[in-house]
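*Asks:*
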Amino acid sequence: MAPARKSVLITGCSAGGIGAGLAEAFHQKGYHVFLTLRNLSKTPTDLGNAPNVTVLQLDVLSAESIATAVESVARETGGRLDILVNNSGQNLVMPALDTTLEDGRKLFDLNFFAPMAMMQAFIPLLIKARGCLVNQSSAAGCMAMPFLSMYNSSKAALIMASDIWRRELEPLGVRTVTLVTTSVKTPAFENVTMPRIPETSYYYVIRDYLYRLGGGQLQEGAPDPLTYGLGVVKAIEAGKVGEVWVGKDAGMNHWSWKLLPKSTFDSMLDGFLKVSGELAKVAEALKARK
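Here the sequence shown is numbered in UniProt numbering, starting from 1 and rising by one per residue.
1) Flag this pair as yes or no: are the beta carbons of T182 and V244 separated by less than 8 angstroms?
2) Using beta-carbon positions only, say whether G141 and A156 come within less than 8 angstroms of one another.
3) DSSP three-state call for V53: helix, strand or coil?
4) Going along the chain, which residues of its own chain have a beta-carbon closer than 7 angstroms to the beta-carbon of V233, five neighbours each way excluded?
5) So does the region 74-87 actually touch the region 113-132, counting three or more Cβ pairs closer than 8 angstroms?
6) Counting only the same chain and skipping the five closest in sequence on each side, list residues whose C-beta sits under 7 angstroms from that of I197.
7) Report all residues from its chain with a CB closer than 8 angstroms to the CB of D103; omit the five preceding and five following residues, and keep chain order.
8) Would I164 be called buried (16 or more neighbouring beta carbons within 10 Å of its own) or exposed?
9) With burial defined as no fewer than 16 other Cβ atoms inside 10 Å of the residue's Cβ, what is the status of T11: buried or exposed?
10) Under the DSSP definition of a beta bridge, which residues are partnered with I10?
11) Can you grab the Cα-Cα spacing for the pair L158 / A63, in whole Å?
12) For the beta strand (DSSP E) holding T181, just list the boundary residues, first then last.
13) Where do the ends of the beta strand (DSSP E) carrying S137 lie?
14) Please classify V60: does DSSP put it in a helix, a strand, or coil?
15) In the DSSP assignment, find the unbroken alpha helix (DSSP H) run with E237 in it and report its ends.
16) Please work out which residues of its chain come closer than 7 angstroms, Cβ to Cβ, to V73, disregarding the five sequence neighbours upstream and downstream, and give them in chain order.
17) DSSP three-state label for G78, please.
18) Note the first and the last residue of the continuous alpha helix (DSSP H) segment covering E24.
19) What residue from N135, Y228 and M118 has the CA that sits closest to T186's CA?
20) Output yes or no for whether 8 angstroms exceeds the beta carbon distance between residue 291 and T36.
21) Does M118 pass the burial test, meaning 16 or more other C-beta atoms within 10 Å, or should it be called exposed?
22) Drop a sphere of 10 angstroms on the beta-carbon of S154, count the other beta-carbons inside from all chains shown, and report buried for 16 or more, exposed for fewer.
23) Which of helix, strand or coil does DSSP assign to V205?
Structure representation (structure tokens):
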């Protein structure tokens, strides 16, 4: 009897995004792909009706929606899931002083607590398959980038938690991979409404810089989602465990972060983001107020 086709569920698979690239990569490798997204109108057209692809509506912030997805997958796979990819997430470019606590909590709900909820819900299926949990984090979680404190902190929290889950799930036969992703060329920034900088903000003087920072400039020269996805699948099938750095200049970024003194790494980051000059403008504007 032929072996059962391996299965993977991926969250956040809107057309053009990282999730869609991952779905296409796994599909090319012969997996049964459970392609999930909150808004079904954003289903990738080339995968929506493809064989061995099941499209599910899934809101990772809804316990009821997650439970329904678990039931759907279990019915099709006999109660197994080989790989769960927690990919859903969102960015937020905003000075900490201008970020509402409500917005900060919403971001943590999506970027941190949703992966935890998905893990808890799908763990029986992963244990039965002796499967793999994959958490989508970001190199931003390792970098002190001004004006990204909520996003970077949520990803830093996920990196740490995912590494702890790696230890906790190991005796249950479940492997854990933490994707530390650098830049990937997607329309993600186009799909997010950039919060407006209030005129009362200390940073209003550099609002144009902040809007550009939130406009996707970090994606220049980055790989497309499918190229990225194929690299991820290769790492997973090779049996990687723990952190896997992937994306634009992933190797260079990893070793620079790991080996360079923090001050040197910050200087490199500043050279790319040109943030020191913008912060100087903020200081000058404050002096002018007095």
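The C-beta atom is built at its ideal place from N, Cα and C for all residues, glycine as well.
Fair warning: this is a prediction, and the values are worked out from it, not measured in the lab.
*Replies:* Taking the definition as stated:
1) Indexing the sequence shown from 1 puts residue 182 at position 182. Indexing the sequence shown from 1 puts residue 244 at position 244. No, they are not a contact pair.
2) By 1-based counting over the sequence shown, the position of residue 141 is 141. By 1-based counting over the sequence shown, the position of residue 156 is 156. Yes, the pair counts as a contact, with Cβ atoms nearer than the cut-off.
3) Stepping through the sequence shown from its first residue, residue 53 is reached at position 53. Residue state, collapsed to three classes: strand.
4) For the purposes of this step, residue 233 is taken as residue 233 along the sequence shown, with counting starting at 1. Here the set comprises A25, F26 and K29.
5) The region 74-87 is in contact with the region 113-132.
6) Residue numbering aside, residue 197 sits at position 197 when the sequence shown is read from its first letter. Excluding residues within five positions, the ones whose Cβ falls inside 7 angstroms are D98, Y203, Y204, R207 and L210.
7) Along the sequence shown, one-based indexing puts residue 103 at 103. The residues are L92, M94, M150 and P195.
8) Against the sequence shown, residue 164 aligns to sequence position 164. I164 counts as exposed, since fewer than 16 other C-beta atoms from the protein chains shown sit within 10 angstroms of its C-beta.
9) Within the sequence shown, the letter at position 11 stands for residue 11. With 16 or more Cβ atoms within 10 Å of its Cβ, T11 is classed as buried.
10) Here residue 10 refers to the residue found at position 10 of the sequence shown. For I10, DSSP records a beta bridge to L35 and V85.
11) As a working mapping, residue 158 is identified with position 158 in the sequence shown. As a working mapping, residue 63 is identified with position 63 in the sequence shown. The alpha-carbon of L158 is positioned some 19 angstroms away from that of A63.
12) Here the question's residue 181 lines up with position 181 in the sequence shown. Run containing T181: R175 to T181, per the beta strand (DSSP E) assignment.
13) By one-based count along the sequence shown, residue 137 stands at place 137. Run containing S137: C132 to S138, per the beta strand (DSSP E) assignment.
14) Here residue 60 corresponds to residue number 60 of the sequence shown, with the count starting at 1. Secondary structure of V60 (DSSP, three-state): coil.
15) By one-based count along the sequence shown, residue 237 stands at place 237. Counting along the chain, the alpha helix (DSSP H) containing E237 begins and ends at P225 to E237.
16) Position 73 of the sequence shown, counting from 1, holds the residue named residue 73. Close CB contacts of V73 within its chain, under the 7 angstroms cut and outside five residues either way in sequence, are with L9, F34, L81 and L125 (chain order).
17) Within the sequence shown, residue 78 is the residue found at index 78, counting from 1. Annotated three-state conformation of G78 is coil, per DSSP.
18) The residue given as residue 24 occupies position 24 in the sequence shown. Note, E24: alpha helix (DSSP H), I18 to Q28.
19) For the purposes of this step, residue 186 is identified with residue 186 of the sequence shown, where counting begins at 1. Just measuring C-alpha positions, the residue of N135, Y228 and M118 sitting nearest T186 is Y228.
20) The structure shown does not extend to residue 291, since the chain is modelled only from 1 through 290, so no value can be given for it.
21) The count along the sequence shown starts at 1 and reaches residue 118 at position 118. It is buried - the Cβ of M118 has at least 16 other Cβ atoms within 10 Å.
22) Here residue 154 is taken as the residue at index 154 of the sequence shown, counted from 1. Within 10 angstroms of the beta-carbon of S154 lie 16 or more other beta-carbons, which makes it buried.
23) Sequence index remark: in the sequence shown, residue 205 carries index 205 (1-based). In this structure, V205 counts as helix in the three-state DSSP scheme.
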